[in-house]
Amino acid sequence: MESEYAMQLAESISGIGDLQTIIDVMPTPVFVKNRAHRIVLLNTAACEFFGHSRDVMLGFSDSDLFPVEEVEVFHAADDRVFESGIDSENEEQVTDATGKVCTVITRKRRVRLGEAQYLVGIISDVTAYREAEAHNRFLAFHDTLTGLPNRALFSEHVDQAVLRHRRSKAPFTVLYIDLDRFKEVNDTHGHQAGDALIQEFAARLTAIVRASDTVCRLGGDEFAILLVDHRKTSDVERICRRVLEAATKPFVFENGVRAFVSASVGVADAEAGLSNVEMQRRADVALYQAKREGRGCFRRFTTALDKQISHNRRIEADLRESLATGKGLEVYYQPLFEAAGEALAGMEALIRWHHPELGLLHPADFVPVADESGLIVPLGQWVLEQGCTMLARWSDIPLAVNFSPVQLREDKCVSRILGILKKSGLDPARLQLEITESVILDTDQKIRANLKALRKVGIKVVLDDFGTGYSSLTHLQTFDVDKVKIDKSYIQDIGSDHYAVVHAITGLAHVLGIAVTAEGVETDAQRTMLQSIGCTELQGYLFSQPLNSKDAEQFLARTPKLVCAA
Ligand code: C2E
Ligand code: MG
Ligand code: MG
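In structure tokens form, the structure reads like this:
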């Protein structure tokens with residue numbers, strides 16, 4: 000059958016004109032050269048591509064179309080096809096008749112017709128493919144929002160820096176940058192504003208460094224910079240300061256609204272033998288530290304810091320485990336006494352943790368980690384549950400529980416506390432929440448609203464550790480607290496420097512109708528002085544150490560006039 004069709008076609012083709020008609024249908028440029036490199040046949044698409052009419056192009060050689068240095072290359076390539084009979088395929092960039100630079104693949108094949116040899120060339124324009132490929136490659140290695148290199152490309156650049164450092168000790172530094180309070184901008188002004196801020200910050204970062212450095216967006220509000228040119232420590236620190244400035248400069252959105260953020264920066268310098276992964280880990284560790292130290296600052300990686308942070312991460316993991324299994328955690332109770340008659344005035348719940356390997360841990364060993372990791376929320380809830388259940392069994396005695404700002408910032412803070420009170424049956428008026436001055440300074444409206452709601456149901460708010468923070472007397476005046484606890488460091492020095500301060504605080508508190516507890520009372524002399532100053536309550540080792548729940552029960556049972564409801 001095939002040969003029948005071929006015969007029919009052959010009969011219809013009467014000469015070169017018919018062949019021309021057929022190849023003119025083809026949308027891709029096709030040309031035929033003879034052994035002397037001259038064009039003997041070409042289709043309309045080829046004429047359009049080269050920008051000459053067929054009459055002009057017939058008989059053209061490469062030298063009529065291309066610069067002389069390219070002609071030699073083309074001829075040599077064509078000769079190889081003529082001589083070997085092996086097809087060739089070349090990708091090259093050419094300028095077409097309209098002046099557009101295109102990427103083309105030219106495929107060439109030798110054809111024998113009788114004695115003569117010809118070379119048939121077909122040109123495929125792959126410009127669109129190549130552009131799409133390049134775009135995809137760009138997307139794979141860049142962040143779409145900012146156009147900055149992404150983590151993958153950044154890592155490649157760090158890899159190269161590591162290799163250069165191995166070869167020639169060329170120094171380099173990795174900075175990890177994280178925007179502080181970016182989430183607030185997103186929540187308050189919307190995602191579009193958030194995106195605009197990220198773009199603007201990316202532009203500001205790029206303006207700080209040299210072209211040979213790499214600025215990257217790792218994702219979200221996290222950026223990284225690779226500094227590769229030789230720099231002194233002071234140069235790196237100057238760049239860090241400029242990064243911090245770039246973040247604190249106000250961001251003005253299209254609608255004129257301004258947003259304020261800050262940045263934390265972690266710095267890791269190249270050292271012999273460090274891998275890419277280790278360099279980036281170090282920058283991350285340093286960043287973590289910058290955030291811990293209050294954000295808006297830069298910190299350099301050190302081995303001591305690394306140890307501290309690994310320890311904290313271990314504490315966090317183990318505490319998570321203890322909270323899940325309920326093993327090892329215990330609430331201790333330290334009594335508070337009325338200063339005048341020294342009757343029992345309350346019990347303060349203090350958390351302890353029997354760590355499987357590290358032994359008995361005090362709050363200072365793990366509460367800061369719990370605060371940072373958010374574990375303070377379930378931990379604090381557990382302490383409150385334990386305390387309420389224990390104290391509900393005894394009439395009247397108030398329960399003091401330490402509360403962290405993280406807990407007070409929680410949406411469900413109030414309902415959670417009320418739920419625990421209800422379940423345990425403890426009267427809200429018996430609960431005292433001990434907060435620190437940092438809570439008062441916190442501008443978070445949620446904290447203020449939660450504290451207000453808690454006071455409304457009768458829960459007391461106590462300002463703990465007064466004297467260690469800002470110790471602002473105006474805080475006592477302007478903020479609604481029921482009681483202030485003067486920090487033990489003041490009480491310990493009351494015999495010398497701090498008498499006047501304790502006296503003044505107590506005096507002002509009395510004027511404002513606020514009760515005063517002195518904590519950390521260890522000696523009779525301190526007790527006598529505090530009584531004479533007029534403190535309302537006293538607490539300290541002089542009266543009782545914090546007691547485990549069994550001892551606390553026994554203590555309560557011994558206390559006169561207390562009635563056990565159980
Ligand atoms: P704080 O609330 O000011 O508790 C008083 C701390 O002083 C307790 O340490 C207590 O054992 C200690 N102390 C009591 N009397 C004396 C004394 O006479 N002399 C001396 N030198 N120290 C005395 P602790 O139990 O290690 O607690 C330390 C801090 O940890 C607490 O300070 C409180 O801020 C925090 N904390 C304890 N339990 C919790 C908790 O459940 N949640 C939260 N968020 N924080 C807690
Ligand atoms: Mg306390
Ligand atoms: Mg205290």
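In terms of numbering that gives the first Met the number 0, the sequence shown opens at residue 0 and continues consecutively.
Just so it is clear, CB atoms sit at the ideal spot from N, CA and C, and this is done for glycine as well.
Item	Value
For review: beta carbons within less than 5 Å of any heavy atom in ligand 2	Asn401, Glu433 and Asp463
Closest by C-alpha distance to Trp352, when choosing among Leu118, Glu315, Met56 and Phe259	Glu315
Residues that Pro66 bridges to, as DSSP identifies them	DSSP, once it has assigned bridges, lists no residue as partnering Pro66.
Proximity to Val93 [Cα-Cα], best of Glu82, Glu69 and Ser83	Glu69
Any non-hydrogen atom of ligand 3 within 7 Å of Asp486 CB	yes
Closest by C-alpha distance to Gly539, when choosing among Asp550, Ala9 and Thr516	Thr516
Which residues DSSP lists as bridging Ala262, in chain order	Leu178
Residue closest to Ile350, alpha-carbon to alpha-carbon, out of Leu378, Gly325, Leu357 and Thr324	Leu378
Sequence-distant residues of the same chain with beta carbon closer than 6 Å to Lys107, five excluded per side	Val80, Ser87, Leu118 and Gly120
Distance, Ile238 Cα to Ile207 Cα	7 Å
Extent of the continuous alpha helix (DSSP H) run through Ser423	Cys412 to Ser423
Residues bridged to Asp523 (per DSSP)	Answer is none; Asp523 lacks a bridge partner.
Collapsed DSSP secondary structure at Pro367 in the structure displayed	helix
Unbroken alpha helix (DSSP H) run spanning Asn571, endpoints	Here the chain comprises residues numbered 0 to 565, so residue 571 is not present and cannot be evaluated.
Counted within 10 angstroms of its Cβ, other Cβ atoms place Tyr175 as buried (16 or more) or exposed	buried
Buried or exposed (CB count within 10 angstroms, at least 16 for buried), Ser321	buried
Beta-bridge pairing of Met346 - partner residues as DSSP gives them	Pro334 and Leu398
Status (buried if at least 16 other CB within 10 Å, exposed otherwise) for Asp220	buried
Stretch-stretch touch, CB-based, cutoff 8 Å, three pairs: the segment 143-153 with the segment 242-262	no
DSSP three-state assignment for Ile38, whether helix, strand or coil	strand
For Val500, the three-state DSSP class (helix, strand or coil)	helix
Check: Glu518 C-beta below 7 Å from any heavy atom of ligand 3	yes
Rounded separation between Val368 and His361 - CA only	12 Å
As assigned by DSSP and simplified to three states, the class of Ile439	helix
Three-state secondary structure assigned by DSSP to Gly325	coil
Endpoints, the beta strand (DSSP E) within which Ala210 is located	No beta strand (DSSP E) contains Ala210, which DSSP labels as neither H nor E.
Cα-Cα separation, Leu196 to Val260	10 Å
Opposing strand residues paired with Thr172 [DSSP bridges]	Leu226 and Asp268
Where His134 falls, given that 16 or more other Cβ within 10 Å makes a residue buried	exposed
Distance CB(Arg557)-CB(Leu541) smaller than 8 Å	no
Ligand 1 heavy atom lying under 7 Å from the CB of Pro566	Outside the modelled stretch of the chain, which goes from 0 to 565, sits residue 566, for which no answer is possible.
Residue burial classification, Gln288 (beta-carbon count within 10 angstroms, cutoff 16)	buried
Asn33: first and last residue of the uninterrupted beta strand (DSSP E) it sits in	Val29 to Asn33
Asp464, buried or exposed, once every other Cβ within 10 Å from all chains shown has been counted against 16	buried
Cβ-heavy atom distance, Pro362 to ligand 1, below 7 Å	yes
Contact set for Ser123: own chain, Cβ-Cβ below 7 Å, skip 5 residues either direction	Thr27, Val103 and Ile104
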